[in-house]
Amino acid sequence: MTFKYYDKPELFTGLRDKKTTCDTCGEEKFCFDAEAFYGTEDLNSICPDCLSGGQLNNKDVFTCCGDVKELKRQLKVLNPTLSELEIENIGQQKTTELEKTTPKLITWQDWNWPCADGDYCKFIGFGSKPFYQNLATNLPTEDFFKNSFYDSDSDTDYLWKEALPNKEIKNYEDSNNYGTLFYVFKSLNSDKILTIWDCD
Numbered sequence: 001m002t003f004k005y006y007d008k009p010e011l012f013t014g015l016r017d018k019k020t021t022c023d024t025c026g027e028e029k030f031c032f033d034a035e036a037f038y039g040t041e042d043l044n045s046i047c048p049d050c051l052s053g054g055q056l057n058n059k060d061v062f063t064c065c066g067d068v069k070e071l072k073r074q075l076k077v078l079n080p081t082l083s084e085l086e087i088e089n090i091g092q093q094k095t096t097e098l099e100k101t102t103p104k105l106i107t108w109q110d111w112n113w114p115c116a117d118g119d120y121c122k123f124i125g126f127g128s129k130p131f132y133q134n135l136a137t138n139l140p141t142e143d144f145f146k147n148s149f150y151d152s153d154s155d156t157d158y159l160w161k162e163a164l165p166n167k168e169i170k171n172y173e174d175s176n177n178y179g180t181l182f183y184v185f186k187s188l189n190s191d192k193i194l195t196i197w198d199c200d
């Protein structure tokens with residue numbers, strides 16, 4: 001199961017327990033639960049093939065909200081010779097691809113999907129001290145964690161000491177054991193790691 005902006009959705013979102021009818025292709029398959037998708041159209045289930053294949057493109061349904069304002073800012077910095085219309089078009093294409101072909105990331109709060117280096121990032125897992133330790137190569141783990149925050153207003157000292165799990169969170173079921181979660185994203189174009197956190 002391969003998605004551009006979401007690593008291992010079978011672990012971190014999961015499919016329905018039983019086969020259901022995919023609302024886009026009509027086949028009985030193991031599907032994602034689509035009831036919590038955004039938009040004006042109601043869907044119950046969508047199979048991974050239909051989601052990754054862009055079957056939501058002709059529907060008023062989307063799975064997340066990209067940080068399009070920040071994406072366009074980055075695109076302008078990276079491509080100063082492009083016109084505003086070209087930046088707008090590229091930003092909209094990337095945002096549509098993210099919002100229409102990415103499995104829904106289950107979160108408590110609504111927040112914008114982060115971007116880096118002129119594209120949206122890939123969700124790679126739930127943060128924990130072992131997880132960040134594996135990612136940190138040139139910095140102490142604590143510094144790496146604190147430097148990764150997409151929102152610079154977070155109290156990273158408190159989060160490191162009091163909220164970041166000491167044990168690895170291996171799947172969505174594990175994540176239900178915590179009242180605070182750290183969603184870790186990786187740039188598609190560099191080794192940059194970004195963290196967004198929320199709590200119940």
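In case it helps, UniProt numbering puts the sequence shown at residues 1 to 200. Cβ atoms here follow ideal geometry from the backbone N, Cα and C, with glycine treated the same way.
Leaving out five residues before and five after residue i in sequence, what residues of the same chain have Cβ atoms less than 6 angstroms from its Cβ?
i, result
"ASP117", "SER187, ASN189, SER190"
"ALA163", "THR180"
"GLU70", "CYS115"
Using alpha carbons as the reference points, say which of the options lies closest to residue i.
i, options, result
"GLY26", "CYS50, THR13, TYR5", "CYS50"
"GLN55", "PRO140, PHE12, ASP23, ASN112", "ASP23"
"ILE169", "PRO130, PRO140, LEU71, ASP200", "PRO130"
"PHE3", "GLU84, ARG16, SER52", "SER52"
"ASN166", "PRO80, GLU142, SER154", "GLU142"
"LYS8", "LEU164, PHE123, SER154, LEU139", "PHE123"
"CYS31", "LEU43, PHE37, PRO48", "PRO48"
"ASP42", "ASN57, LYS29, VAL61, GLU28", "VAL61"
"ASN89", "LYS72, LEU78, LEU98", "LYS72"
"SER161", "MET1, LEU139, SER128, ASP153", "Reading off the sequence, residue 161 comes out as Lys, not Ser. Answer by Cα proximity: SER128."
Mind checking whether residue i and residue j have CB atoms under 8 angstroms apart?
i, j, result
"PRO114", "TYR172", "no"
"TYR183", "ILE193", "no"
"TYR120", "LYS94", "yes"
"GLY39", "ASN112", "no"
"THR102", "TYR178", "no"
"ASN44", "THR20", "yes"
"VAL77", "GLY91", "no"
For residue i, which three-state DSSP category applies?
i, result
"ASP151", "coil"
"THR156", "helix"
"GLU142", "helix"
"ALA163", "helix"
"PHE30", "coil"
"SER45", "strand"
"residue 202", "This structure does not reach residue 202, given that the chain is present from 1 up to 200, and the question cannot be answered."
"TRP113", "strand"
"THR21", "strand"
"residue 213", "This structure does not reach residue 213, given that the chain is present from 1 up to 200, and the question cannot be answered."
"TYR5", "coil"
Span of the beta strand (DSSP E) holding residue i?
i, result
"PHE123", "122-126"
"LYS186", "180-186"
"LEU194", "193-199"
Apart from the five residues on each side of it in sequence, which residues of its chain come closer than 7 angstroms, Cβ to Cβ, to residue i?
i, result
"PHE144", "TYR132, LEU135, ALA136"
"LEU181", "PHE126, SER175, TRP197, ASP198"
"LYS100", "GLY54, LEU56, ASN57, PHE62"
"LYS146", "THR156, TRP160"
"MET1", "PRO9, GLU10, PRO48"
"PHE37", "LEU43, VAL61, PHE62, THR63, LYS104"
"GLN109", "ASP198"
With residue i as the anchor, note down where its alpha helix (DSSP H) starts and where it stops.
i, result
"THR95", "84-101"
"CYS50", "48-52"
"LEU78", "68-78"
"LEU11", "9-12"
"ASP174", "172-175"
"LYS129", "129-135"
Of all Cβ atoms in chain D, is any one closer than 8 angstroms to the Cβ of residue i?
i, result
"LEU194", "In the displayed structure, chain D is absent; only one protein chain is listed."
Short of 8 angstroms in beta carbon distance, which residues of its chain neighbour residue i, apart from the five on each side in sequence? Order them along the chain.
i, result
"THR107", "LEU181, TYR183, ASP198"
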